[in-house]
Amino acid sequence: MATSVTVGGGFTLLRSFAGQIRSRLFAFGKTQKLPCIHTSAALDVNKNWDRKNLHMFPPQKPDEARRPAEVHHCRRQIKYSKDKMWYLANMIRGMTIDEAIAQLEFNDKKGAKIMKEVLLEAQEMAVRNHNVEYKSNLYVAESFSNKGKYLKRIRYHGRGMFGIMDKVHCHYFVKLVEGLPPKAEQKTGFDQAKNYVEQLKSRTIIHAL
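Each residue of the sequence shown is one higher than the one before, counting from 1 in full-length UniProt numbering.
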């Protein structure tokens, strides 16, 4: 009786061991589920920026004012820093197209030359594709830069040392609207102080309670 129990337990052990091996072999043949963690280049939030030019608006009523034309244009993967481009993009935001081009014309930065080319391309698109009668009747409604691809490269140092450097790229986006730019809202000292207090309240302090 004891012998039969021992033999039966041995067969059960061998059967379970064979089942584990079979399940592991089948597991290698199946497609493994990849983790949902983004580890590649920067996510392009404005990937459909150019497609906004294809947006179809509903027909206007006879008593409605004419809808101003809007032109979306961009240039991607510029060999330039997004932070340096941001200062120039912020400078021309809200200007007329002629004033923005004049400001960039007399700026000796590399990003200013690129930004001027993008504005001229957008101005030409407005006249050719968006039924804008006067190319000077435009203003910069939106102007901002975004992060592009960052490529890791090796920088060699002396004594066999090396470091890791980034080859940075950025995207530049601009939106031109037909008409004159809206007047800037005049803020009093009380309004500016109120905005300053709101910024202090909404800031994030790292390692705070």
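Here a beta-carbon is modelled for each residue, glycine too, at the ideal position from N, C-alpha and C.
This structure is a prediction, so every number in the text was calculated from the model and none was measured.
Which of the three DSSP states is assigned to residue i in this structure?
| i | result |
| --- | --- |
| Y87 | helix |
| D63 | coil |
| Q77 | strand |
| T3 | Here T3 scores only 43 on pLDDT, less than 50, and its place in the model is too uncertain to base an answer on. |
| L180 | coil |
| V168 | coil |
| R159 | helix |
| S202 | helix |
Roughly how many whole angstroms lie between the Cα atoms of residue i and residue j?
| i | j | result |
| --- | --- | --- |
| L176 | Y156 | 45 Å |
| A122 | V71 | 7 Å |
| S40 | E64 | Its pLDDT being 47, under 50, S40 is placed unreliably by the model, and the measurement read from it follows with that caveat. Straight-line Cα distance between these residues: approximately 48 Å. |
| A42 | V127 | The predicted position of A42 is uncertain, since its pLDDT is 48 and thus under 50; a value taken from the coordinates is nonetheless stated next. Going by the C-alpha atoms only, they are around 34 Å apart. |
| D166 | N195 | 37 Å |
| P182 | A208 | 41 Å |
| E133 | K110 | 31 Å |
| G189 | I205 | 26 Å |
| R67 | P58 | 11 Å |
Since residue i is in the alpha helix (DSSP H), which residue starts that stretch and which ends it?
| i | result |
| --- | --- |
| L119 | 110-129 |
| K187 | Careful: K187 lies outside any alpha helix (DSSP H) and carries neither H nor E. |
| A102 | 97-105 |
Quick one: what's got a C-beta closer than 8 Å to residue i's C-beta in the same chain, skipping five residues either side?
| i | result |
| --- | --- |
| C74 | N46, W49, D50, V118, H171, Y172, F173, V174 |
| Q32 | Unreliable placement is indicated for Q32, whose pLDDT of 49 sits below 50; no coordinate value is reported for it. |
Return the first residue and the last residue of the beta strand (DSSP E) that residue i is part of.
| i | result |
| --- | --- |
| D50 | No beta strand (DSSP E) holds D50; DSSP gives it neither H nor E. |
| K147 | 138-147 |
Between residue i and the rest of its own chain, which residues show a CB-CB distance below 6 Å, the 5 nearest in sequence each way excluded?
| i | result |
| --- | --- |
| K82 | S145, K147, C170 |
Contact the region 77-97 vs the region 130-140: 3+ CB pairs below 8 Å: Three or more Cβ pairs drawn from the region 77-97 and the region 130-140 lie within less than 8 Å of each other, which places the two stretches in contact.
Taking 8 Å as the threshold, find out whether the region 102-120 comes into contact with the region 59-77 through three or more Cβ pairs. yes
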